[in-house]
Every structure is written in C-alpha cells, then in structure tokens.
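The next block holds one structure in the form of structure tokens; read it before the comments.
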Amino acid sequence: MKRICLIAALAVVLPMAMNAQEVNPVIVNSTVESAQQRTAEMKANVENAKQNVEQMEQAHKDAKADINAIKEEIKKAEQAHKDAAQGVKDAKQALEKAKQTEKNAKQNIKNLKNQQKQIEKAEKQAKKQAADAKKAHKDEQARLKAQQKAEKARIKAEKAEQQAQKAAAAVK
Numbered sequence: 003m004k005r006i007c008l009i010a011a012l013a014v015v016l017p018m019a020m021n022a023q024e025v026n027p028v029i030v031n032s033t034v035e036s037a038q039q040r041t042a043e044m045k046a047n048v049e050n051a052k053q054n055v056e057q058m059e060q061a062h063k064d065a066k067a068d069i070n071a072i073k074e075e076i077k078k079a080e081q082a083h084k085d086a087a088q089g090v091k092d093a094k095q096a097l098e099k100a101k102q103t104e105k106n107a108k109q110n111i112k113n114l115k116n117q118q119k120q121i122e123k124a125e126k127q128a129k130k131q132a133a134d135a136k137k138a139h140k141d142e143q144a145r146l147k148a149q150q151k152a153e154k155a156r157i158k159a160e161k162a163e164q165q166a167q168k169a170a171a172a173v174k
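According to this note's numbering, the residues represented by the sequence shown are 3 to 174, in order.
Now the structure itself:
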C-alpha cells in the first residue's frame with residue numbers, strides 16, 4: 003500500500019517535472035506530510051513490538067519458574083507418598099492414615115502434573131508469541147527502511163523537478 007502511494011505520488015510529480023510544468027505545492031506538501039505521518043506511525047509500531055517482545059520474554063521466564071516450583075512440589079508429594087507407604091509397614095492403625103495420605107499425594111501429583119502440562123503449553127505459546135513479535139518487529143523495521151528510501155526518492159524527484167523548472171526558466 004505504501005509503495006502504491008509512493009508510486010502514485012511519483013506518477014503525479016515526475017510527468018510534471020519531465021514537461022517542466024508547475025507543480026501544485028499543496029499536492030507535494032500533502033505527499034510529504036502523509037509520508038512523515040506514516041513514518042511516525044511505523045516508529046510507534048516498532049516501539050510497541052519491542053514492548054510486546056519484552057513482555058513475552060518475561061512471561062516465558064515466569065512460566066519456567068512456575069514449572070520448576072511445580073516439579074519441586076511433585077518431588078515433595080512423591081516423597082510424601084513413599085513415607086506414607088513406609089508407614090503401612092509399621093502398624094495397622096497407621097495403615098488407614100497412610101492410605102489416605104497416599105490417595106491425597108496421588109491426587110496432588112495428578113493435579114500438579116496437569117498444572118505442569120498447562121504451564122508447558124503456556125510456555126510454548128509464549129515462545130511462539132515472542133517469536134511472532136520478533137518477526138513482526140523485524141518486518142516493521144524493514145517497512146520503515148523502505149519508507150525512508152521512498153522518502154529519499156521523493157525528495158530527489160522534487161529536486162529534479164526544481165532543476166527542470168530552473169532550466170525551463172533559463173530557456174525562456
């Protein structure tokens with residue numbers, strides 16, 4: 003779209019320069035202002051993309067910390083399960099308590115594993131979003147460079163038109 007706008011602007015300006023006709027400064031100023039506005043918008047988009055990347059990276063770090071904490075809880079729950087199983091051997095009275103502890107520990111392990119799966123899924127999604135944000139940032143930078151090149155080409159076209167006008171004035 004930006005290329006089309008630039009081409010359209012050049013299509014208006016270049017024939018006038020070639021024919022040494024007078025350029026409407028309103029059109030030229032409008033084109034310049036439009037290009038400057040698009041450049042400012044692109045810069046803002048680049049900043050937003052950088053912030054999004056930082057947020058995604060922080061979310062990724064937080065998810066990793068949560069996974070490690072859950073793994074530790076799983077180890078503790080598994081150890082509690084082992085302790086409860088050992089208690090079964092010690093006494094019949096402790097058997098009922100150990101079975102209940104074992105049941106609770108298994109449920110905790112199951113719950114923690116489910117949580118771990120959810121966090122791993124969220125981590126994968128965060129990594130993907132961070133990669134997407136980095137790609138968007140890179141694309142935005144490329145678009146900004148293209149916009150700057152277009153702006154330079156437009157300025158050269160204006161200079162060429164001015165030189166053509168001077169040459170036409172000198173011929174008269």
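Think of the CB as a built atom: it goes at the ideal place given N, C-alpha and C, for glycine as much as any other residue.
Asked                                                                                                                                                 : Found
Ignore the nearest five residues each way along the sequence and tell me which others in residue 61's own chain have a CB closer than 6 Å to its CB.  : 128
What do you get for residue 163, buried or exposed, if any count of 16 or more other CB atoms within 10 angstroms of its CB means buried?             : buried
Exposed or buried, residue 42, counting other C-beta atoms within 10 Å across all chains shown (16 or more means buried)?                             : exposed
Beta-carbon within less than 6 Å of residue 37's beta-carbon, same chain only, minus the 5 sequence neighbours each way: which residues are those?    : 153
For the stretch 145-160 and the stretch 95-113, state whether three or more C-beta atom pairs, one from each stretch, are separated by less than 8 Å. : no
How many Å lie between residue 172 and residue 158 at the Cα?                                                                                         : 21 Å
Does the count of Cβ pairs from the stretch 49-57 and the stretch 71-83 closer than 8 Å reach three?                                                  : no
Would residue 111 and residue 79 be called neighbours here (beta carbons separated by less than 9 Å)?                                                 : yes
By the 10 Å Cβ neighbour count, where 16 or more other Cβ atoms means buried, how is residue 155 classified, buried or exposed?                       : exposed
Beta-carbon within less than 8 Å of residue 114's beta-carbon, same chain only, minus the 5 sequence neighbours each way: which residues are those?   : 72, 75, 76 and 79
Let me confirm a value: residue 170 is counted as buried when at least 16 other C-beta atoms fall within 10 Å, else exposed. Which label applies?     : exposed
Going by other Cβ atoms of all chains shown within 10 Å of its Cβ, with 16 needed for buried, is residue 133 buried or exposed?                       : exposed
Can you tell which of 165, 33, 98 and 45 has its C-alpha closest to the C-alpha of residue 139?                                                       : 45
Output the distance between the C-alpha atoms of residue 144 and residue 123, rounded to the nearest integer angstrom.                                : 32 Å
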